[in-house]
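Asks: Okay, handing you the structure first.
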Amino acid sequence: MSHLPTSITDRPTSSSPGRRGGGGRGRGRPDDSPTVKVSKALSYVLRHGAEKVNIPIRSDGYVLVSDLAKHPPLRNVSLADIQKIVASNEKQRFALREEPRVGTAGTVWLIRANQGHSVQVSIEMHQILTATEAPLVIHGTFLPSWGTICQQGLKPMTRQHIHFAAGLPGKDAGVISGMRKSCDVYIYIDMPKALASGIPFFRSANNVILSPGNERGVILPEFFAKQVKVLVIIGDMLPPFGTH
């Protein structure tokens, strides 16, 4: 990464709360630090755009680290840079592995996103079979979205799964990912009821709870627990809670 204007270890600049990272083709924002720009570019390639930038992606979501240079924002990023980003990413978004190179005595490095894919991949995850395995399953969202969600339910949208946290980030031990810290509405899932109805839930490598929803790809409001938590209430923007 010697061609970047500042080193990969520079302190990241602040970003707006609630803003989605890695927009567009993973270029990031002009005021992002080099580390954040690389992380967003990795997220774009590994979750959404590998085939669009002509990077082969395996069925398990892994791509060759050496192929990342095909994406211009990652052209000057070294293996050492990527190792540092994967190790220091507080949400553990990525998995890095070394495998034998077929037909030689050498090895190759591969990387994948642990979850959040819009492309079809098959990643090994632990299926949650009982509510005791995941006593807290919480979806974080924002006030403007609640009106639609409380009528139509939760959907994966452009991703393969609906994402949940296994608790509240910053409050419950082991919860590092699953929702943005800026979310102002927490939706608690009634896990005994949802599992009994046949809705599958899985736990990813970085402790995010994932579900494809029911056969129509939805988790209906009837599976929202009564203790839906609202952090901020502004006027009459939110329909009443506890009515499902």
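Counting from 1, position 216 in the sequence shown corresponds to residue 1175 in our numbering; the numbering is continuous, with no gaps. All C-beta atoms in this analysis are idealised placements derived from N, C-alpha and C, irrespective of residue type, glycine included. Since the model is a prediction, treat every value here as computed from it, not as a measurement.
Using the Cβ count rule (16 or more neighbours within 10 Å means buried), how would you classify Met1116?
Replies: Here residue 1116 refers to the residue found at position 157 when the sequence shown is read from its first residue. Answer is exposed; the Cβ neighbour count stays below 16.
Asks: Only counting the same chain, and skipping five residues up and downstream in sequence, which positions put a Cβ closer than 8 Å to that of Ser1104?
Replies: Reading the sequence shown from its first residue, position 145 is the one you call residue 1104. Answer for Ser1104: Val1144, listed in chain order.
Asks: Suppose only complete runs of 3+ residues qualify. What are the beta strand (DSSP E) ranges in the segment 986-1018, listed by chain order?
Replies: Listed in chain order, nothing qualifies, since the segment 986-1018 has no complete beta strand (DSSP E) run of 3 or more residues.
Asks: Taking 8 Å as the threshold, find out whether the segment 997-1009 comes into contact with the segment 1022-1029 through three or more Cβ pairs.
Replies: Judged by Cβ distances under 8 Å, the segment 997-1009 makes contact with the segment 1022-1029, as three or more pairs qualify.
Asks: Helix, strand or coil: how does DSSP classify Ser1170 here?
Replies: Along the sequence shown, one-based indexing puts residue 1170 at 211. Three-state DSSP puts Ser1170 in a strand.
Asks: What is the DSSP secondary structure of Ile1148, reduced to helix, strand or coil?
Replies: Residue numbering aside, residue 1148 sits at position 189 when the sequence shown is read from its first letter. Correct three-state label for Ile1148: strand.
Asks: Trp1068 by DSSP, collapsed to three states: which one?
Replies: Looking up residue 1068 in the sequence shown gives position 109. Strand, per DSSP.
Asks: Taking the beta strand (DSSP E) that Leu1095 falls in, what are its first and last residues?
Replies: Here residue 1095 refers to the residue found at position 136 of the sequence shown. Element bounds for Leu1095: n/a, residue is neither H nor E.
Asks: Looking only at its own chain, which residues have a Cβ that is under 8 Å from the Cβ of Lys1029, when we skip the five neighbours before and after it?
Replies: What you label residue 1029 is simply residue 70 of the sequence shown in a count that begins at 1. Within the same chain, Lys1029 has close Cβ partners Val1012, Asn1013, Ile1014.
Asks: Kindly give me the distance between the Cβ atoms of Ala1090 and Pro993, rounded to whole angstroms, as I take these residues to be in contact under 8 Å.
Replies: The residue given as residue 1090 occupies position 131 in the sequence shown. The residue given as residue 993 occupies position 34 in the sequence shown. That belief does not hold up - the Cβ atoms of Ala1090 and Pro993 are roughly 43 Å apart, past 8 Å.
Asks: For Ile1087 versus Phe1160, is the C-beta distance shorter than 7 Å?
Replies: Walking along the sequence shown from the start, residue 1087 turns up at place 128. Walking along the sequence shown from the start, residue 1160 turns up at place 201. Their beta carbons are under 7 Å apart, which means Ile1087 touches Phe1160 by this criterion.
Asks: Which residues in the same chain as Val1096 place their Cβ atom closer than 6 Å to its Cβ, once the five residues preceding and following it in sequence are excluded?
Replies: Taking the first residue of the sequence shown as position 1, residue 1096 is located at position 137. So the qualifying residues of the chain are Phe1123, Ile1148, Met1150, Ile1168.
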